[in-house]
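**Student:** Quick one: the structure is below, and I'll ask about it shortly.
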Amino acid sequence: MIKNCPVCGESIKGRSDKKFCSSTCKSSFHYDQRLQSEKFYHQIDRQLKLNRKILKSINRKGYSTINKKDLKEEGFNPNFFTHYWKNKQEDVYLFVYEYGFLDLSKKSKKAKYLIVKWQEYMDK
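And the structure:
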């Protein structure tokens, strides 16, 4: 009885209990299964990485402002962040790893974010 590989369809040669034609097909099969079982994790991880990349590209000087609309057009989603920091004025900065953003629309009528980079004094 000839069995076929579930990944590529090639015939399987060797042991009778062998399931894949090669280690490449075996790895590919298990990788795809892990992607499906951890789909939610990968979606969140992808958005966090995108948010960080966008904040990093905007914040070259360590401190900048940008319109919310422009940031969202690039794919930024403010609901995905890793941690927060509160300053003495009770402003809450949301951080995506080392890059943070503060919603300035609460203090002014303009829909803007202040973008900052994590500083050592914030550890205290």
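With our numbering, letter number 111 in the sequence shown gets 737, and the count goes up by one each step, no holes. For every residue, glycine included, the Cβ atom is placed at its ideal position computed from N, Cα and C.
1) For a test of the three-state rule: what should DSSP assign to S653, helix, strand or coil?
2) Can you list, in chain order, the residues of its chain whose CB lies under 7 Å from that of K750, leaving out five sequence neighbours each side?
3) Just to confirm before moving on: does the CB-CB distance between K682 and Y739 stay below 9 Å?
4) Over what stretch of residues does the alpha helix (DSSP H) that includes S683 continue unbroken?
5) Please classify F646: is it buried, with 16 or more other beta-carbons within 10 angstroms of its beta-carbon, or exposed?
**Tutor:** On the basis of the supplied data:
1) In the structure shown, S653 adopts helical secondary structure according to DSSP, grouped into three states.
2) Nothing meets the Cβ criterion.
3) Contact flag unset, no.
4) Where S683 is concerned, the enclosing alpha helix (DSSP H) stretches over 665-684.
5) Burial call: buried.
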